[in-house]
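Engineer: Quick one: the structure is below, questions incoming.
Structure representation (structure tokens):
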């Protein structure tokens, strides 16, 4: 799934940017583990707003695929009932 790879890559890139900014700003005050946690929290919150379009495309693709699979299952069930 191309959309999943794009969304995951964008999430990872957003996390990396948040971590880099925090590292340069706070590395003398905090160790790496708290910086990672803070970067994770900040990137998670930012992704809600920044990655909305990519998430909507992914959700649309998943919905389309689920609908197609449901139709195929219903067709197979109907064909089985006819036999």
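In the working numbering, the protein residues as written are 7 to 89. Note that CB positions come from ideal geometry on N, CA and C, so glycine has one too. All values reported here derive from a predicted model rather than from experimental measurement.
Hey, residue 42 and residue 55: beta-carbon distance below 8 angstroms or not?
Structural biologist: To locate residue 42, count along the chain shown from 1; it is residue 36. To locate residue 55, count along the chain shown from 1; it is residue 49. No, Cβ-Cβ distance for residue 42 and residue 55 is not below 8 angstroms.
Engineer: Which complete alpha helix (DSSP H) runs does the segment 12-63 hold, if anything under 4 residues is left out?
Structural biologist: Qualifying alpha helix (DSSP H) stretches, in chain order: 38-56.
Engineer: Mind the definition here: the segment 79-86 touches the segment 61-71 only if three or more C-beta pairs lie below 8 angstroms; say whether that holds.
Structural biologist: Judged by Cβ distances under 8 angstroms, the segment 79-86 makes no contact with the segment 61-71, as fewer than three pairs qualify.
Engineer: For residue 52, which residues of its own chain have a beta-carbon under 8 angstroms away from its beta-carbon, when the five flanking residues on both sides are left out?
Structural biologist: For the purposes of this step, residue 52 is identified with residue 46 of the chain shown, where counting begins at 1. Closer than 8 angstroms at the Cβ level, and outside the excluded window around residue 52, lie 20 and 24.
Engineer: Mark residue 18 as exposed unless 16 or more other C-beta atoms lie within 10 angstroms of its C-beta, in which case mark it buried.
Structural biologist: As a working mapping, residue 18 is identified with position 12 in the chain shown. Per the 10 Å Cβ criterion, exposed.
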